[in-house]
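Final position of the sequence shown in numbering that gives the first Met the number 0 is 331; the numbers increase by one with none missing.
Heads up, the beta-carbon is just placed ideally off N, CA and C, and yes, glycines get one too.
All figures in this text were calculated on a predicted structure; none of them were measured in a lab.
See structure below.
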Amino acid sequence: MDERADETHIEVDNTPLADDVDSAIDIQLAAYTPSLTSSVVDYPYEHGRRYHAFRGGSYILPNDESEMERLDLNHATLTKVIGDKLYLAPVDGPRLQRVLDIGTGTGIWAIEMGETYPGAEVLGNDLSPIQPMWVPPNVRFEVDDVESPWTHHHPFDFIFCRYMTCCILDWPTLVNRIYNNTKPGGWAEFQDYDLQYYSDDGSLTTEHKTLEWINTLLGAARTLGRDPCPGPRQHQWVKNAGFQNVRHQVFKIPIGPWAKDPKMKDLGMCNLAQTLDGLDGFSLRLFCGVLRWSQEDVHDLLTKVRKELKSMGFHALFNFHVTYGQRPQGWE
Numbered sequence: 000m001d002e003r004a005d006e007t008h009i010e011v012d013n014t015p016l017a018d019d020v021d022s023a024i025d026i027q028l029a030a031y032t033p034s035l036t037s038s039v040v041d042y043p044y045e046h047g048r049r050y051h052a053f054r055g056g057s058y059i060l061p062n063d064e065s066e067m068e069r070l071d072l073n074h075a076t077l078t079k080v081i082g083d084k085l086y087l088a089p090v091d092g093p094r095l096q097r098v099l100d101i102g103t104g105t106g107i108w109a110i111e112m113g114e115t116y117p118g119a120e121v122l123g124n125d126l127s128p129i130q131p132m133w134v135p136p137n138v139r140f141e142v143d144d145v146e147s148p149w150t151h152h153h154p155f156d157f158i159f160c161r162y163m164t165c166c167i168l169d170w171p172t173l174v175n176r177i178y179n180n181t182k183p184g185g186w187a188e189f190q191d192y193d194l195q196y197y198s199d200d201g202s203l204t205t206e207h208k209t210l211e212w213i214n215t216l217l218g219a220a221r222t223l224g225r226d227p228c229p230g231p232r233q234h235q236w237v238k239n240a241g242f243q244n245v246r247h248q249v250f251k252i253p254i255g256p257w258a259k260d261p262k263m264k265d266l267g268m269c270n271l272a273q274t275l276d277g278l279d280g281f282s283l284r285l286f287c288g289v290l291r292w293s294q295e296d297v298h299d300l301l302t303k304v305r306k307e308l309k310s311m312g313f314h315a316l317f318n319f320h321v322t323y324g325q326r327p328q329g330w331e
């Protein structure tokens, strides 16, 4: 089943803006920035940011404390998007035995799954060992590259793959590996972005630096062969791999608190916070390393993007896709 984003446009809050809207937004943003702690590890630095060492260069974003905080904020955003849930697949949670979280990042999803289902063994893997030391006893982490051959000896009841935008060179191969490591009758779920910014009302135009920035970023990621918009294509990859009972849902995510609906306004503010926190990390490796921009030019563009995003002068959004499917019963 394929469910498109609600074709009804998100209604804009037309309440007059304060004279100093930037300061008002900054005050609101402070409430969306969590105070988090993490272990400190020694990694290479580029452009003033820390990056992973294992399979260096295969992941374009930093892994430093600022990025870890943003990842946890992004987790909060994405659980809000799907109704304050960790997943949508109809898995039988209490009967889960083995769960795999691909690209676990800070491990927050795996930890919350382990707390929710203490009878399940939850494994999270990532290129960076940035997960906390103290976790539920049924949760563990390993350093691994999901694009290398998998060596798991036992299949999983549920495999979760979220926010791998700009990370994967060969999506069909990854989805096939996920299928082959899912138990018959088990489920896999994919949650990812289409990072192309747009507006329902035409308020975001080519005159805006924000659109210039995101379009340049998407092009640079594609130059590396890493899809920045995998969400719309995942349902076909899942079907091609052999999964059945495939369902695809699309959610609109506003960038900023411009929506009239209180839940969408809150979601937009949360998304704006993680976007502003991530601008440097999203951009530096792609703009400087791939496009050969100077850091000065990148920071100049990002200063203008920040100002635009906080001004609420346009009603930007992007789409978030969730696809899940079930491996048929019986080995094939």
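Report task. Would you check if the distance between the CB atom of arginine 69 and the CB atom of glycine 277 is smaller than 8 Å? Result -> Yes, they are a contact pair.
**Report entry** Secondary structure of tryptophan 236, DSSP reduced to three states
**Finding:** Shown here, tryptophan 236 sits in a helix according to DSSP, grouped into three states.
Query raised in the report: Between which two residues does the alpha helix (DSSP H) containing glutamine 273 stretch?
Result: Segment 261 to 283, the alpha helix (DSSP H) holding glutamine 273.
Query raised in the report: Can you tell me where the alpha helix (DSSP H) with aspartate 295 in it begins and where it stops?
Result: Looking at the sequence itself, residue 295 is glutamate, so the reference to aspartate does not match. Glutamate 295 -> alpha helix (DSSP H) spans 294 to 310.
Query raised in the report: In its own chain, which residues sit with a C-beta less than 6 Å from the C-beta of threonine 215, not counting the 5 before and 5 after it?
Result: Hits under 6 Å: none found.
Query raised in the report: With C-beta atoms as the reference, is isoleucine 156 less than 8 Å away from histidine 8?
Result: In the sequence on display, residue 156 carries aspartate and not isoleucine. Their beta carbons are not under 8 Å apart, which means aspartate 156 does not touch histidine 8 by this criterion.
Query raised in the report: So is asparagine 239 buried or exposed if we call it buried at 16+ other beta carbons inside 10 Å?
Result: Counting Cβ neighbours within 10 Å, asparagine 239 comes out exposed, since fewer than 16 surround it.
**Report entry** Cβ shell of phenylalanine 140 (< 8 Å), same chain only, five flanking positions each side left out
**Finding:** The residues are Thr103, Gly106, Ala109, Leu122, Gly123, Asn124, Asp125, Pro128, Gln130 and Val134.
Query raised in the report: To which residues of the same chain is glutamate 114 closer than 8 Å at the C-beta, ignoring the five residues directly before and after it?
Result: So the qualifying residues of the chain are Pro135.
**Report entry** Simplified DSSP state of alanine 75, which is helix, strand or coil
**Finding:** Note: alanine 75 maps to helix in three-state DSSP.
Query raised in the report: Between the C-alpha atoms of proline 253 and leucine 266, what's the straight-line distance to the nearest angstrom?
Result: C-alpha separation (whole angstroms): 7 Å.
Query raised in the report: Would the beta-carbon of arginine 326 fall within 8 Å of that of proline 171?
Result: In this structure, arginine 326 sits away from proline 171, with a CB-CB distance that is not shorter than 8 Å.
**Report entry** Counterpart residues of serine 202 in DSSP-defined beta bridges
**Finding:** DSSP, once it has assigned bridges, lists no residue as partnering serine 202.
Query raised in the report: What separation, rounded to the nearest whole angstrom, lies between the Cα atoms of leucine 223 and threonine 14?
Result: Their backbone Cα atoms lie some 43 Å apart in a straight line.
Query raised in the report: Start and end of the alpha helix (DSSP H) containing glutamate 10?
Result: Per DSSP, glutamate 10 belongs to no alpha helix (DSSP H) and is neither H nor E.
Query raised in the report: Opposite valine 145 in the DSSP bridges: which residues?
Result: DSSP output for valine 145 lists no bridge partner at all.
**Report entry** Any non-hydrogen atom of the ligand SAH within 7 Å of leucine 203 CB
**Finding:** For the ligand SAH, the structure offers nothing, since it holds no ligand at all.
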